[in-house]
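Read the structure below first, then the notes.
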Amino acid sequence: MSRLVTMVLLAAGLAAAPAEAGAAWTGSPRVTVELVSESDAVAPGKTFWIGLRQTIAPGWHTYWINPGDSGEPPQIEWALPAGFSAGDIAWPHPERIRVGPAMSYGYSNEVVLPIPVMAPADLVPGARVTLSGRASWLVCEKECIPEEAPVSLTLAVAAGEPGPHPTGAPLIARARQALPSPSPWPASFTATPEAVTFTVAARGLAPGRIAEVWFYPARWGAIDHAAPQPARIDARGITIEVARGQLPGATSAPIDGVIVITERLDGGAARQAFTVRATPGATAASSAALLQAVVLALAGGLLLNLMPCVLPVLSVKALGLVQHAAGSAAAMRRHGLAYTAGVLLSFAAVAGTLLALRAGGEQIGWGFQLQSPLVVTLLAYLFFAMALALSGVFVIGGRLAGAGQALAARPGYGGSFFTGALAAVAATPCTAPFMGAAVGFAVTQPWATGLLVFEALGLGLALPYLLLTLIPAWRRFLPRPGAWMKRLEELLAFPLYASVAWLVWVLSQQAGPTGVAVALGGLVLIGLAAWLFQASRDASVTWRRAGLIAVAALVVGAVALGPLAGTAPAPAPAQAAGGRDEAFSPRRLAELRAQGRPVFVNVTAAWCITCLVNERVALRSAAVAEAFARKGVVVLKADWTNRDAGITEMLGSFGRSGVPLYLLYPRAVPGRAAGSSPAVLPQILSEGAVIDAVNKI
Amino acid sequence: MSEPSLSRRAFLAATGLAAFAGPSLARSGVAWAAAAAKVGAAAPAFSSVATTGKTVSLADYAGKVVVLEWTNHECPYVKKHYETSNMQAIQKEATGQGVIWLTIISSAPNEQGYVSAGQADELTKTRGAVPTAVLFDPTGVVGKMYGATNTPHMYVIDKAGVLQYAGAIDDKPNTRKSDVPGAQNYVRAALASVAAGQPVKTPVTRAYGCTVKYA
Numbered sequence: 084m085s086r087l088v089t090m091v092l093l094a095a096g097l098a099a100a101p102a103e104a105g106a107a108w109t110g111s112p113r114v115t116v117e118l119v120s121e122s123d124a125v126a127p128g129k130t131f132w133i134g135l136r137q138t139i140a141p142g143w144h145t146y147w148i149n150p151g152d153s154g155e156p157p158q159i160e161w162a163l164p165a166g167f168s169a170g171d172i173a174w175p176h177p178e179r180i181r182v183g184p185a186m187s188y189g190y191s192n193e194v195v196l197p198i199p200v201m202a203p204a205d206l207v208p209g210a211r212v213t214l215s216g217r218a219s220w221l222v223c224e225k226e227c228i229p230e231e232a233p234v235s236l237t238l239a240v241a242a243g244e245p246g247p248h249p250t251g252a253p254l255i256a257r258a259r260q261a262l263p264s265p266s267p268w269p270a271s272f273t274a275t276p277e278a279v280t281f282t283v284a285a286r287g288l289a290p291g292r293i294a295e296v297w298f299y300p301a302r303w304g305a306i307d308h309a310a311p312q313p314a315r316i317d318a319r320g321i322t323i324e325v326a327r328g329q330l331p332g333a334t335s336a337p338i339d340g341v342i343v344i345t346e347r348l349d350g351g352a353a354r355q356a357f358t359v360r361a362t363p364g365a366t367a368a369s370s371a372a373l374l375q376a377v378v379l380a381l382a383g384g385l386l387l388n389l390m391p392c393v394l395p396v397l398s399v400k401a402l403g404l405v406q407h408a409a410g411s412a413a414a415m416r417r418h419g420l421a422y423t424a425g426v427l428l429s430f431a432a433v434a435g436t437l438l439a440l441r442a443g444g445e446q447i448g449w450g451f452q453l454q455s456p457l458v459v460t461l462l463a464y465l466f467f468a469m470a471l472a473l474s475g476v477f478v479i480g481g482r483l484a485g486a487g488q489a490l491a492a493r494p495g496y497g498g499s500f501f502t503g504a505l506a507a508v509a510a511t512p513c514t515a516p517f518m519g520a521a522v523g524f525a526v527t528q529p530w531a532t533g534l535l536v537f538e539a540l541g542l543g544l545a546l547p548y549l550l551l552t553l554i555p556a557w558r559r560f561l562p563r564p565g566a567w568m569k570r571l572e573e574l575l576a577f578p579l580y581a582s583v584a585w586l587v588w589v590l591s592q593q594a595g596p597t598g599v600a601v602a603l604g605g606l607v608l609i610g611l612a613a614w615l616f617q618a619s620r621d622a623s624v625t626w627r628r629a630g631l632i633a634v635a636a637l638v639v640g641a642v643a644l645g646p647l648a649g650t651a652p653a654p655a656p657a658q659a660a661g662g663r664d665e666a667f668s669p670r671r672l673a674e675l676r677a678q679g680r681p682v683f684v685n686v687t688a689a690w691c692i693t694c695l696v697n698e699r700v701a702l703r704s705a706a707v708a709e710a711f712a713r714k715g716v717v718v719l720k721a722d723w724t725n726r727d728a729g730i731t732e733m734l735g736s737f738g739r740s741g742v743p744l745y746l747l748y749p750r751a752v753p754g755r756a757a758g759s760s761p762a763v764l765p766q767i768l769s770e771g772a773v774i775d776a777v778n779k780i
Numbered sequence: 046m047s048e049p050s051l052s053r054r055a056f057l058a059a060t061g062l063a064a065f066a067g068p069s070l071a072r073s074g075v076a077w078a079a080a081a082a083k084v085g086a087a088a089p090a091f092s093s094v095a096t097t098g099k100t101v102s103l104a105d106y107a108g109k110v111v112v113l114e115w116t117n118h119e120c121p122y123v124k125k126h127y128e129t130s131n132m133q134a135i136q137k138e139a140t141g142q143g144v145i146w147l148t149i150i151s152s153a154p155n156e157q158g159y160v161s162a163g164q165a166d167e168l169t170k171t172r173g174a175v176p177t178a179v180l181f182d183p184t185g186v187v188g189k190m191y192g193a194t195n196t197p198h199m200y201v202i203d204k205a206g207v208l209q210y211a212g213a214i215d216d217k218p219n220t221r222k223s224d225v226p227g228a229q230n231y232v233r234a235a236l237a238s239v240a241a242g243q244p245v246k247t248p249v250t251r252a253y254g255c256t257v258k259y260a
């Protein structure tokens, strides 16, 4: 009633009369304020939400927490009953108000500012409590007027669970829709003296759906409030470039703010607000930082030589060197350089792939190749074969000195190059846990810088061997060749076996028992091939040929098994997905309807921001889950990310050309055709709206 | 395999890189404020007509410390500092030490705060203000050059003509007069640093007040 009076007065352009006794609203002809409550009573010991409602005359506006270039946000000085305490205002996202060359961030017409209030536990049910305080605010049209008024709200103390307040609850529910929710996407920024460029990693958005994007900084200083914010939406997400603000140093810390995305929906648009903390991204690194990263990478590369997957490869290579210590210095040098080239080129290949994939928007890190069960399986085979060679199960090329000599003494420098490549490949699984910092830096850098860091890592790996070959004097420190070399080789097989065991464990996480079984079967084939290879060497020519063919067949067989490991379903995620959101199909819907089950159909797409927000604020809430469970509602998820034709048709049948679409099919009534039509829920959901709809079925 | 926090950081940074390395957007969006006077750089030269009818130039005061004060006598934030005599007190202190104090009115004709020369002088007299001169900027050229968005909006220029401070008068961005005594006055602090030949500790702050009533 009182609000009605306010509105009538405002509509008539009359000055508001002084507050009558008992009227809840106070204020001025420009702004009237009142406190509203979400619940109709206070529950002892609980937090409840109230709201400061400002009704603002046309043309005037009040301010957001960051008022922009001028202005001041509203405040309340509370005088609360003993034991009560009020939290900070939860600020609904503002709108832009341009005033000449300046920009204000604020509210017009009406805004409800939600405030949490904590009630003490020792309240007596039936008593009445009055929350009062003094609200102050600045209201501007062209001129600005600071105003203040007493506000108060009286509520009864509830014995049980309080219900929603008939007028307050819908007002606060509406305010909540304008409250920013935590951003589902990480954000970063880069800064130059002229501009700040924000990147919100919202990948896979549909540019055509985004009508507008605006970043409201939480504080003055980092960006120019009034500057245009041209936004680009592509595979990487949303990029906004805006003129830099005046505060020096504002871009050396994270920039907080709210990003408001206006998404085009069927027959309208939805504004979605997210709180964002943009972290300073690496701009072109300073030369000092680059030098530091290169030195760290070099040291890390050296350390890699000691990793269990690399040490055997390297040791064997070094053993070859011991064997040939007396050889020509020039040939030695060339071997060293060939080995280094093998390492560096392999690192460049892996790093180049990584950087290219990242530039294309893939969310991958170093060690990404180990996310493929196929690669893991093949690496396990490789390590196993190397270990078998070290154990002496088979010998490549050489006669007595073992595989090490074979690799090192292979005619030409191809063998050395190959060893370098092998060391690099073997090193990659070990780099991930140890090289995180340097690699983390490298992937954030421009191409050339990133590659430089990776190559420093590779050079570190190659360095011990390279130096031994380049500086003949150092070779004096090598022990004399002897029988110990064979024992060492045999011993070095075990770190490789351990690496195989680790890779199989990794595979068990990725591909489940089937994947492990396939990989172990492949390992058996590799073992058989190794034995056969060695056994047939000493046989007649015919047998040796037959043996080699069999070995080749076994290896091909093992490799062919690899993809099988990859296709075995990973058990855990499949289980989780099946739990709640069953995939939609018209048949499944008809089936469930025939069984008499109520069904909720969620037509959504990965690139639909409103869908995402609805799922977060409403569909995945505990209260909604409880309501669904209580009524036995089955949720079917129709994923339109790839524009499935069947779903397009269904959208069309509801007069829609896009998502989101939410349908709630009631329990089919026996006797009536299962064609009873579903309730179509609004495109912007709230928890309450979903629960209300569910309660009606 | 790698620490989640680490890969997350790398990821965040990488998205920043993507933005940096990607084709840059048109830089047409640089607003006037960014092109305005910059703290640490030479204060832009200007000339304006004073209430005396004479044209006053910043160059006239070469070798002296200059304070610029944007004002609008009807703005509640300006009133806060004049009705508590806070503004007059700093003016007295400053001009007493040979500082040039230029009060600038950028309100356009028919906008709030626009006054005639006579009215302006009357305001100075009745309020007990002691600026060196009160200047008119009805076209807003000077105000926009300095990026003045608020009244009051304060600037301090050192003897070498370098802008050393831009922003609020103090750290209490409200209209409560009771906050004046406890406030940290940025202008007073900047003047002290400039006089001592030291760098200003807080050289840029968010100005608070009413918007400047530009045309």
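From first to last, the protein sequence lines stand for chains R and V. For the first sequence, the positions run 84 to 780 when this note's numbering is used. For the second sequence, the positions run 46 to 260 when this note's numbering is used. For glycine and all other residues, C-beta sits at the position ideal for the given N, C-alpha and C.
Hey, is Val182/R's beta-carbon within less than 8 Å of any beta-carbon in chain V? Walking along the first sequence from the start, residue 182/R turns up at place 99. Closer than 8 Å: yes.
Helix, strand or coil, according to DSSP, for Ile306/R in the structure here? Taking the first residue of the first sequence as position 1, residue 306/R is located at position 223. The answer is strand: DSSP assigns Ile306/R an E or B state.
Among Arg354/R, Gly332/R, Glu178/R and Cys223/R, the one whose alpha carbon lies nearest that of Leu768/R: For the purposes of this step, residue 768/R is identified with residue 685 of the first sequence, where counting begins at 1. Comparing Cα positions, the closest option is Arg354/R.
I'd like to check one pair, Trp132/R with Ile228/R: are the Cβ atoms closer than 8 Å? As a working mapping, residue 228/R is identified with position 145 in the first sequence. As a working mapping, residue 132/R is identified with position 49 in the first sequence. Contact flag unset, no.
8 Å Cβ cutoff, Pro121/V in contact with chain R: By 1-based counting over the second sequence, the position of residue 121/V is 76. Chain R, which has a Cβ nearer than 8 Å to the Cβ of Pro121/V, makes this yes.
Which residue from Arg217/R, Glu230/R, Tyr190/R and Gly170/R puts its Cα closest to that of Ala202/R? As a working mapping, residue 202/R is identified with position 119 in the first sequence. Nearest option by C-alpha distance: Gly170/R.
Going by alpha carbons, who is nearest to Ile344/R out of Gly384/R, Val777/R and Tyr299/R? Numbered from 1 along the first sequence, position 261 holds the residue referred to as residue 344/R. Selected option, being the one with the closest Cα: Tyr299/R.
Could you tell me the boundaries of the alpha helix (DSSP H) in which Cys694/R lies? Stepping through the first sequence from its first residue, residue 694/R is reached at position 611. Ile692 to Asn697 is the span of the alpha helix (DSSP H), which, as asked, contains Cys694/R.
Can you find a heavy atom of the ligand SAH that lies under 7 Å from the Cβ of Arg319/R? Questions concerning the ligand SAH fall outside what the structure shown contains, since it holds no ligand whatsoever.
Bridge partners of Val283/R, per DSSP? On the first sequence, position 200 is the one that residue 283/R refers to. Paired residues: Ala270/R and Ile321/R.
In the DSSP output, which residue or residues are listed as bridge partners for Thr115/R? In the first sequence, the residue the question calls residue 115/R occupies position 32. DSSP output for Thr115/R lists Gly110/R and Thr138/R as bridge partner(s).
If we call anything under 8 Å between Cβ atoms a contact, is Leu180/V one with Ser93/V? On the second sequence, residue 180/V is found 135 positions in, with the first residue counted as 1. On the second sequence, residue 93/V is found 48 positions in, with the first residue counted as 1. For Leu180/V and Ser93/V, yes; Cβs fall inside 8 Å.
Which first and last residues belong to the alpha helix (DSSP H) in which Thr171/V is found? Walking along the second sequence from the start, residue 171/V turns up at place 126. Run containing Thr171/V: Ala162 to Arg172, per the alpha helix (DSSP H) assignment.
What is the DSSP secondary structure of Pro265/R, counted as helix, strand or coil? Looking up residue 265/R in the first sequence gives position 182. Looking at Pro265/R - three-state DSSP - the assignment turns out to be strand.
In chain order, what residues of the region 297-315 of chain R put their CB closer than 7 Å to some CB of chain V? Trp303, Gly304, Asp307, Ala309, Ala310, Pro311, Pro313 and Arg315
Rounded Cβ spacing between His144/R and Val341/R (contact assumed at less than 8 Å): Indexing the first sequence from 1 puts residue 144/R at position 61. Indexing the first sequence from 1 puts residue 341/R at position 258. Incorrect: roughly 17 Å between the Cβ atoms, too far for contact.
Near-chain R residues of the region 204-223 of chain V - C-beta to any C-beta below 9 Å: Ala211, Gly212, Pro218, Asn219, Thr220 and Arg221
Residues of chain R with CB under 7 Å from Val201/V, in chain order? The sequence position of residue 201/V within the second sequence is 156, counting from 1. Those within 7 Å of Val201/V in chain R number zero; the least Cβ separation is about 15 Å.
Run through chain V and tell me which residues come within less than 8 Å of Leu457/R, C-beta to C-beta. Within the first sequence, numbered from 1, the residue matching residue 457/R stands at position 374. The premise fails here: Leu457/R is roughly 17 Å from chain V at the closest Cβ pair, so nothing lies under 8 Å.
Nearest by alpha-carbon distance to Ala689/R: which of His418/R, Ala706/R and Trp723/R is it? Reading the first sequence from its first residue, position 606 is the one you call residue 689/R. When only C-alpha atoms are compared, the closest one is Trp723/R.
Measuring CB to CB, does Leu675/R end up less than 8 Å from Val686/R? Numbered from its first residue, the first sequence carries residue 675/R at position 592. Numbered from its first residue, the first sequence carries residue 686/R at position 603. No, these two residues do not count as a Cβ contact at 8 Å.
Using 10 angstroms around the beta-carbon of Ala252/V, count the other beta-carbons present and answer buried if the total reaches 16, otherwise exposed. Residue numbering aside, residue 252/V sits at position 207 when the second sequence is read from its first letter. Label assigned to Ala252/V: buried.
Determine the DSSP secondary structure at Val716/R, reduced to helix, strand or coil. One-based indexing of the first sequence puts residue 716/R at position 633. Reduced to three states, the DSSP call for Val716/R is coil.
Reference Val378/R, options Met390/R, Asp152/R, Arg628/R and Glu538/R, closest by Cα: Walking along the first sequence from the start, residue 378/R turns up at place 295. Nearest of Met390/R, Asp152/R, Arg628/R and Glu538/R to Val378/R, Cα basis: Glu538/R.
Does the region 323-343 of chain R come within contact of the region 298-314 of chain R, defined as at least 3 CB pairs closer than 8 Å? By the Cβ test, the region 323-343 of chain R is in contact with the region 298-314 of chain R, since at least three Cβ pairs between them sit closer than 8 Å.
Between which two residues does the alpha helix (DSSP H) harbouring Tyr191/V extend? For the purposes of this step, residue 191/V is taken as the residue at position 146 of the second sequence. Element bounds for Tyr191/V: Val186 to Tyr191.
Applying a beta-carbon distance threshold of less than 7 Å, which residues of chain R neighbour Pro157/V? The residue given as residue 157/V occupies position 112 in the second sequence. Looking at the sequence shown, residue 157/V is not Pro but Gln. Lys225 and Glu226, listed in chain order.
Does the region 421-433 of chain R touch the region 503-511 of chain R, meaning 3 or more C-beta pairs lie closer than 8 Å? At 8 Å Cβ cutoff, the stretches touch.
What is the residue span of the alpha helix (DSSP H) that Thr532/R lies within? Working through the first sequence from its first residue, we reach residue 532/R at position 449. Trp530 to Leu553 is the extent of the alpha helix (DSSP H) around Thr532/R.
By the criterion of Cβ-Cβ separation under 8 Å, what are the contact partners of Ser153/R in chain V? As a position in the first sequence, residue 153/R is number 70, starting the count at 1. Thr194, Asn195, Ala252, Tyr253, Gly254, Cys255 and Thr256, listed in chain order.
Inter-residue Cα distance where the pair is Ala107/V and Gly110/R: Looking up residue 107/V in the second sequence gives position 62. Looking up residue 110/R in the first sequence gives position 27. Roughly 50 Å between the two C-alpha positions.
Using only the alpha-carbon positions, how far apart do Gly533/R and Leu438/R sit? The residue labelled residue 533/R in the question sits at position 450 within the first sequence. The residue labelled residue 438/R in the question sits at position 355 within the first sequence. Spanning the two alpha carbons is a distance of roughly 8 Å.
List, from N- to C-terminal side, the beta strand (DSSP E) runs of 3 residues or more that fit wholly inside the region 98-170 of chain V. 100-102, 111-115 and 145-150
Short check: CB of Pro749/R to CB of Ile780/R, under 8 Å? Locating residue 749/R in the first sequence gives position 666, counting from the first residue. Locating residue 780/R in the first sequence gives position 697, counting from the first residue. In contact: Pro749/R and Ile780/R (Cβ atoms closer than 8 Å).
Using a Cβ-Cβ distance cut-off of 8 Å, determine whether Pro229/R contacts chain V. In the first sequence, the residue the question calls residue 229/R occupies position 146. True, the Cβ-Cβ gap to chain V drops below 8 Å.
Taking 8 Å as the threshold (beta carbon to beta carbon), is Val249/V in contact with chain R? Mapped onto the second sequence, residue 249/V falls at position 204. With 8 Å as the cut-off, Val249/V counts as an interface residue toward chain R.
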